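Protein chains: 2
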Amino acid sequence: MSSSTLTREQSAKAFDGHQYVYSHESSTVGCKMKFGVYVPEKAEKEQVPLLIFLSGLTCTEQNFITKSGVQSLASKYGFIVANPDTSPRGCKIEGDSEKWNFGESAGYYVDATESKWSKNYRMFSYINEEFYDLIVKNFNVNPKKIGILGHSMGGHGALISFFKRPGQYQSVSAFAPICNASASEWGINAYTNFFGQDETLWKQYDATELVASYNGPKPHAPVLVDQGSDDSFKDNQLFPERFIVACKTASFPLELREQAGYDHGYYFIMTFLEDHFKYHKNEFEHAQ
Amino acid sequence: MSSSTLTREQSAKAFDGHQYVYSHESSTVGCKMKFGVYVPEKAEKEQVPLLIFLSGLTCTEQNFITKSGVQSLASKYGFIVANPDTSPRGCKIEGDSEKWNFGESAGYYVDATESKWSKNYRMFSYINEEFYDLIVKNFNVNPKKIGILGHSMGGHGALISFFKRPGQYQSVSAFAPICNASASEWGINAYTNFFGQDETLWKQYDATELVASYNGPKPHAPVLVDQGSDDSFKDNQLFPERFIVACKTASFPLELREQAGYDHGYYFIMTFLEDHFKYHKNEFEHAQ
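Chains A and B supply the protein sequences, listed in that same order.
In case it helps, this note's numbering puts the first sequence at residues 23 to 310.
In case it helps, this note's numbering puts the second sequence at residues 23 to 310.
The following block contains the structure:
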């Protein structure tokens, strides 16, 4: 581990491995960024697969590692699991902390183009370049077995990362993703700020738009998306039905499961998280 | 469920069952009390075992249900798991919220005798009478299969409940319990407030003292206690070694496992929680 770049903020043994939190100075987003990373005991001896988990609105790097029970699964499956923060922090841009669904804790995993935001709000490049490289370089990752997944805004982040970076990830899955960000109220507000009025820019960060033009490697098994039936955001912000139609039109394989009675929270995520581990494991086994 | 006594504050589906939070007006401690209860799907059809989990200092009913991953295990084993709060709240007694280790969030599961505290700080009676009865009455509990466990101050609470109520619980276990409360700094401060200077009262709520005179039913397998080796409270507040000696002297069966590298937090608890489920299940199978 390169101690010049990473500062250990937290360390706790869990299921024979360790749950860490590190911080580093990010050149991409221009501030100090924290992330969580679970390292299973297995990674002491050999390279292991990596899952990158992107969190939803209001989250820091803490929510997922505290509430999802991921450590048990990461240990069982022998995966490193890394989870970044959801936005730059402390940049003191006017308007970055007035709304819970925009700005700090709500970076939407995009690279903003409007000058007010474009220096710091570059979460797409942060996740898919700086953070990705940092994890691969500093931990014992098998670079041919890397998957990405996320929840809500982070499910959107995982899907757009997969579609915009063909071949970078061997697998993708999502929990209750924002499927059509450029047409949801949250997304419209965020994208108007980040990109201005040019909606062609908005559509470059929208899973339902991107799947139409995706021509990278197809997954072995249909991409796994879980969506709770009792999720109050389902029909007004997430729009899973539109993504189903777009995938069908594009002949892109998707298994979107509606889970009866589940809501939008971490009890929903923890319930189906093992299915996602199995999905990614299966994709890794079929990856070249 | 008697809706006149319980108010549902939270409900979320998890692993086919439900994680609830309820509140009720407690006659024992004289204020509104919240608790968590996970009800597995199995309890819709039949009576199931109950585990009562007591939390540690600084906790509300939220910490355990948010951080431990218990829902996965409660569903798998088919147990109801109920977890009360750690103290009365909102009673506005001078000095009840100045220290993190005394008063609100820090009731030590005792019945205070000093007049300032004795009206509200009756957590021993609350847990072992009012709360116990409330859970058994309102949920589909098999009253012959009830176990108690806890963490830190709550591990102390579980052990003293088992010792002071012979036969009420079929099983007990603990994570990093305060083993000798009347001789630890936290306990001395709390017990001086709750009981005054009479140390014979202190010893009535101290696992290491109580095991000496316990003559109730013996557990089938040695009582399971897990203790992290890297727990910074181990040698100055918890005193597991004293409990080991006291159990040996009393010929009370104890398996105290020192877990190398683990600390005092929830990552430690979540790692070994399934072993505790297995322990209680085994005791239930041998119970009359």
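Positions of the beta carbon are idealized from the N, C-alpha and C atoms, including for glycine.
Every value quoted in this text rests on a predicted model; they were computed, and no experiment measured them.
Item: Whole-Å CB distance - residue 159 of chain B paired with residue 72 of chain B, under 8 Å assumed; Value: At roughly 12 Å, the Cβ-Cβ gap does not stay under 8 Å, so residue 159 of chain B and residue 72 of chain B are not in contact.
Item: DSSP three-state assignment for residue 138 of chain A, whether helix, strand or coil; Value: coil
Item: Spatial distance of residue 89 of chain B from residue 298 of chain B (CA atoms); Value: 16 Å
Item: DSSP-derived helix/strand/coil call for residue 81 of chain A; Value: coil
Item: Three-way DSSP call (helix, strand, coil) for residue 194 of chain A in this model; Value: strand
Item: Partner residues on chain A for residue 35 of chain B, Cβ-Cβ distance less than 9 Å; Value: 250, 252, 281, 282, 283, 284, 285, 289, 290, 293
Item: Neighbour list for residue 174 of chain A in chain C, Cβ cutoff strictly below 7 Å; Value: Chain labels in this structure do not include chain C; the protein chains are A and B.
Item: Environment of residue 34 of chain A [buried if 16+ CB atoms lie within 10 Å]; Value: buried
Item: Pairwise C-alpha distance: residue 252 of chain A and residue 231 of chain A; Value: 26 Å
Item: Residue from B:226, B:300, B:264, B:106 with nearest C-alpha to residue 78 of chain B; Value: B:106
Item: Chain A residues whose Cβ lies nearer than 8 Å to that of residue 89 of chain B; Value: 88, 89
Item: Any chain A beta carbon closer than 8 Å to residue 26 of chain B; Value: Unreliable placement is indicated for residue 26 of chain B, whose pLDDT of 48 sits below 50; the coordinate value is still reported in the next sentence. Chain A contact via Cβ: absent.
Item: Span of the alpha helix (DSSP H) around residue 248 of chain A; Value: Here residue 248 of chain A belongs to no alpha helix (DSSP H); instead the beta strand (DSSP E) covers 245–250.
Item: Short CB-CB distance (under 8 Å) between residue 195 of chain B and chain A; Value: no
Item: Cutoff 8 Å: residue 84 of chain B Cβ touching any chain A Cβ; Value: no
Item: Residue burial classification, residue 150 of chain B (beta-carbon count within 10 angstroms, cutoff 16); Value: buried
Item: Cβ-based neighbour list, residue 24 of chain A, same chain, cut-off 8 Å, excluding 5 preceding and 5 following; Value: In this predicted model, residue 24 of chain A has a pLDDT of only 41, less than 50, meaning its place in the structure is not dependable; the value taken from the coordinates is given anyway. 159, 160.
Item: Local conformation of residue 23 of chain B per DSSP, three classes; Value: At residue 23 of chain B the pLDDT is 40, less than 50, meaning the model places this residue with poor confidence and gives no usable figure here.
Item: Any 3 or more C-beta pairs closer than 8 Å across the stretch 282–294 of chain A and the stretch 216–226 of chain A; Value: no
Item: Enclosing alpha helix (DSSP H) for residue 267 of chain B [first to last residue]; Value: 262–271
Item: C-beta contact flag for residue 274 of chain A and residue 293 of chain B at 8 Å; Value: no
Item: Any C-beta of chain B under 8 Å from that of residue 94 of chain A; Value: yes
Item: 6 Å Cβ shell around residue 63 of chain A - same chain, five flanking residues per side excluded; Value: 38, 39
Item: Residue from B:301, B:286, B:54 with nearest C-alpha to residue 276 of chain B; Value: B:301
Item: C-beta neighbour in chain B for residue 247 of chain A, strict 8 Å; Value: no
Item: Pair within 8 Å by beta-carbon distance, residue 113 of chain A and residue 52 of chain A; Value: yes
Item: Cβ pair count under 8 Å reaching 3, the stretch 258–268 of chain B against the stretch 194–202 of chain B; Value: yes
Item: Where residue 41 of chain B meets chain A, residues with beta-carbon distance less than 8 Å; Value: 289
Item: Nearest-angstrom Cβ-Cβ length linking residue 296 of chain A and residue 156 of chain A, presumed shorter than 8 Å; Value: That pair is no contact at about 27 Å.
Item: Residue 108 of chain B versus residue 55 of chain B - alpha carbon distance; Value: 10 Å
Item: Same chain, Cβ closer than 6 Å to residue 290 of chain A, neighbours up to 5 away in sequence not counted; Value: 250, 284
Item: Buried versus exposed, by CB contacts within 10 Å (16 or more), residue 174 of chain B; Value: buried
Item: Cβ pair residue 102 of chain B, residue 163 of chain B closer than 8 Å; Value: yes
Item: Buried versus exposed call for residue 26 of chain A [16 or more other C-beta atoms within 10 Å across all chains shown]; Value: For residue 26 of chain A, the pLDDT reaches just 48, beneath the cut-off of 50, and the residue's location in the model is therefore unreliable, although a value from the coordinates is still provided. Burial call: exposed.
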